[in-house]
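With UniProt numbering, letter number 325 in the sequence shown gets 325, and the count goes up by one each step, no holes. Report on the following structure.
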Amino acid sequence: MKNIVVVGGGHAAAQFCASVLEAGQPVKLTLITEEGYLPYQRPPLSKTFIKDENPQPAWLRPGSFYADNGINVHVNTCVTAIDREVQQVTVNSGDTFPYDVLVLATGTRARMLPLFEGEFSNVFTLRTIDDAQRLRDQIGAANNVLVFGGGFIGLELAATASALGKQVTVLEAADRLLGRSASPEISDYLLRTHRANGIAIELECRADRLETADGVVKGAWVGDRFFAADVVVVGVGAVPNVELAQDAGLDCDNGIVVNEFMQTSDPAVYAIGDCTVFPSAMLGRRVRLESVQNANDQARCAARSILGDPSAYSAMPWFWSDQGATRIQIAGVPDAHHERAVRGNPADGKFSVLYFDGDRLTCAESINSPADHLASRRLIADKVVVDRAQALDTSVALKTLGLA
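The following block contains the structure:
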């Protein structure tokens with residue numbers, strides 16, 4: 001019986017356990033997570049968990065799933081070392097867990113700005129239920145919410161806080177929102193939409209210093225401009241949790257390096273999810289992605305590989321973000337070198353930005369256009385030859401393109 005130890009408690013870890021069980025092979029599964037909870041849905045943390053009256057964690061699997069299938073779950077437990085020679089991990093209690101196969105699903109942690117060195121009771125990042133609960137405990141009484149970062153997390157939380165009636169200001173250091181993640185057309189639309197909804201957004205804006213008192217941030221100075229804050233949210237990206245792998249001598253490069261089967265530089269150790277750098281067959285290069293889709297699909301790939309049915313990872317990336325009434329869905333990965341064209345009219349609040357490499361669609365960013373998103377996923381994954389004029393004609397359904 002193969003003894004598999006999984007380190008991590010996010011989407012990738014939960015899906016890996018489910019995929020192993022679905023294969024029907026006799027295994028011993030142990031899941032070790034630092035958090036005090038079973039794996040749960042993370043996307044709601046920036047939205048419904050903050051604003052709903054009585055939020056509950058959205059469990060990825062019920063507790064009975066783990067108990068009934070004999071999965072040994074250890075919560076509030078931190079793996080402190082990997083001994084690859086004897087194939088065992090050590091946890092913070094001093095206990096050890098032997099493995100035949102080790103799966104690292106260690107995820108990421110929030111990046112923090114140097115400006116916030118020290119302890120401030122009203123400064124928050126958002127990665128876990130505990131983070132969300134602490135933010136929720138303070139945001140209700142707040143008037144001014146100051147958000148650092150105009151990326152997905154920052155904008156989702158800004159929209160949530162605005163819906164709660166707060167005065168929200170977003171400070172973004174770059175010259176546009178989502179500068180590393182989406183096209184200028186999407187950035188411009190979100191800027192107009194969020195401003196129209198009462199959110200103040202400052203671009204090319206870096207805070208010089210904080211105004212603090214008794215461990216509380218009262219606001220931030222940008223030159224001679226002062227931005228007041230009762231609650232501060234820092235959403236400036238994420239850092240992959242690679243320290244455990246690095247200390248064990250595994251190859252890392254802005255993530256744990258894996259091959260197309262999710263195998264690390266040690267054949268007995270696999271890595272999945274946000275913490276990995278993997279070879280993307282679609283992009284033709286190594287990449288690290290932070291998405292639920294990627295976590296789940298890599299988990300399935302690793303399970304197949306470990307159980308003797310290997311299939312190279314070739315899933316097409318896709319992602320979504322809900323910001324108030326606006327849903328952004330991205331199929332593929334935007335490439336600034338590819339040609340872009342807009343399908344539909346942004347003024348209607350429903351459109352898509354399509355990326356083309358010759359006669360093939362490589363990426364689609366859709367605003368409130370779920371049909372475009374679903375059709376684009378097929379067109380991109382199947383590398384369908386697309387007539388550009390038809391693709392941009394809203395009277396033609398994208399789902400009909402490439403069909404005989």
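Even for Gly, the Cβ is constructed at its ideal location relative to N, Cα and C.
Contact check for G255 and H11: beta-carbon distance about 16 Å, past the 8 Å limit, so the pair fails to qualify. No residue range can be given for Y99, since it is assigned to no alpha helix (DSSP H) and is classified by DSSP as neither H nor E.
Considering only F65, N294 and A391, the residue with the shortest C-alpha distance to M316 is N294. Counted as a single uninterrupted DSSP element, the alpha helix (DSSP H) harbouring C301 occupies residues V292 to I306. DSSP places S321 in the strand class (E or B) of the three-state scheme. Between the C-alpha atoms of Q263 and D208 there is a straight-line separation of about 44 Å.
By the C-beta criterion, the region 217-228 is judged to be in contact with the region 196-208, since at least 3 inter-stretch pairs fall below 8 Å.
Contact annotation: V7 and L244 have beta-carbon atoms nearer than 9 Å.
Per the Cβ contact rule, the region 18-25 is not in contact with the region 108-120 (fewer than 3 Cβ pairs under 8 Å).
Here T128 carries a coil assignment [DSSP, helix/strand/coil]. For the region 111-157, the full-length alpha helix (DSSP H) segments reaching 4 residues or more read 129-139 along the chain. In this structure, the alpha-carbon of V333 lies about 8 Å from that of T362. Segment contact: the region 158-168 against the region 57-70, fewer than three CB-CB distances shorter than 8 Å; contact not assigned.
Less than 9 Å divides the Cβ of F124 from the Cβ of V231. Among the bridge pairs identified by DSSP, I4 is matched with L29 and V101. Inter-segment contact for the region 325-332 and the region 181-193 is present: three or more beta-carbon pairs are separated by less than 8 Å. Non-local C-beta neighbours of E339 in its own chain, meaning closer than 6 Å and more than five positions away in sequence, comprise F356, ordered along the chain.
With a minimum length of 3 residues, the unbroken runs of beta strand (DSSP E) contained wholly in the UniProt domain "Reductase C-terminal" (318-401) fall at 318-323, 326-332, 339-345, 350-357 and 360-367. With contacts defined by Cβ atoms closer than 9 Å, E35 and N69 do not form a contacting pair. Residue state for R42 is assigned as coil, using DSSP reduced to three classes. Contact between the region 152-164 and the region 43-51 is present, with at least three C-beta pairs closer than 8 Å. Counting along the chain, the unbroken beta strand (DSSP E) around S280 starts and ends at T276 to S280.
K2 and G149 have their C-alpha atoms some 45 Å from each other. In the structure shown, Y313 falls within a coil segment according to DSSP collapsed to helix, strand and coil. Between the C-alpha atoms of K399 and P55 there is a straight-line separation of about 37 Å. Here the alpha carbon of R286 sits roughly 28 Å from the alpha carbon of E172. Closest in C-alpha terms to G118, from the list I199, G215, Y40 and L29, comes G215. The bridge partners DSSP lists for Y270 are V103 and Q263. Within a 10 Å sphere around the beta-carbon of F226 sit fewer than 16 other beta-carbons, which makes this residue exposed.
Check the Cα spacing between V79 and each of R136, N122, L104 and S314: the tightest is with L104.
For the 9 Å CB-CB criterion, A159 and G9 do not form a contact. Contact between P346 and E185 is confirmed by a C-beta separation of about 7 Å, below the 8 Å threshold.
Here DSSP, grouped into helix, strand and coil, assigns P62 to coil. Exclusion of the five residues before and after E202 leaves L171 as the residues of its chain whose Cβ lies within less than 6 Å of its Cβ.
Rounded to the nearest whole angstrom, the CA to CA distance from I139 to D382 is 45 Å.
Contact between I71 and L29 is confirmed by a C-beta separation of about 5 Å, below the 8 Å threshold.
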